[in-house]
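Trainee: Structure below; questions to follow.
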Amino acid sequence: MRQSGAVLGTIAGASVVTLGLGAAANPDLIPGALFVRGVWWWTIGKLWAETGVLPRAFGWITMALAVLCFALVIAYAIAGLPMSPPDLPLRIVLGAWLVALGAIVWRDSRTNMSR
46 MRQSGAVLGT IAGASVVTLG LGAAANPDLI PGALFVRGVW WWTIGKLWAE
96 TGVLPRAFGW ITMALAVLCF ALVIAYAIAG LPMSPPDLPL RIVLGAWLVA
146 LGAIVWRDSR TNMSR
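Here the sequence shown is numbered in the numbering used here, starting from 46 and rising by one per residue.
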């Protein structure tokens with residue numbers, strides 16, 4: 046894995062946390078937080094798909110979630126709709142993604158410990 050990819054993933058992740066906290070207090074930040082979440086998902090998904098650190102299919106799924114985030118930001122910006130309605134479904138998707146990530150990492154740690 047290249048160091049630049051790891052640094053980019055870390056920076057994007059920190060931005061997701063920062064803007065996510067801000068968006069929780071100020072709904073006007075939701076589009077920016079969603080866009081940055083898409084950047085992070087794309088960065089991490091591409092890293093996993095190319096390096097095989099995690100299953101490549103999970104990397105591709107993560108990249109697809111990034112495209113979904115970008116599409117939602119564009120669609121809601123063009124339509125002029127508030128970003129609050131899709132916030133709950135997106136949190137559910139994020140939660141499901143985190144559960145899947147946890148299952149993959151847990152399975153890998155059990156496999157590595159038995160060796």
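We put the beta carbon where it would ideally sit given N, CA and C, even for glycine.
Determine, using beta carbons only, whether residue 114 and residue 66 come nearer to each other than 8 Å.
Mentor: The answer is no: Cβ separation not under 8 Å.
Trainee: Using three-state DSSP, classify residue 143 as helix, strand or coil.
Mentor: DSSP places residue 143 in helix when its eight states are reduced to three.
Trainee: By how many angstroms is the C-alpha of residue 108 removed from the C-alpha of residue 91?
Mentor: Computed Cα separation, rounded: 7 Å.
Trainee: Could you compute how far the alpha carbon of residue 50 sits from the alpha carbon of residue 94?
Mentor: Computed Cα separation, rounded: 12 Å.
Trainee: Relative to the C-alpha of residue 106, which residue among 119, 127, 117, 143 is closest?
Mentor: Nearest of 119, 127, 117, 143 to residue 106, Cα basis: 143.
Trainee: If you check the beta carbons only, do residue 81 and residue 116 fall under 8 Å apart?
Mentor: Cβ distance not < 8 Å, so residue 81 and residue 116 don't count as in contact.
Trainee: To the nearest angstrom, how far is it from the Cα of residue 138 to the Cα of residue 111?
Mentor: So the alpha carbons of these two residues sit roughly 12 Å apart.
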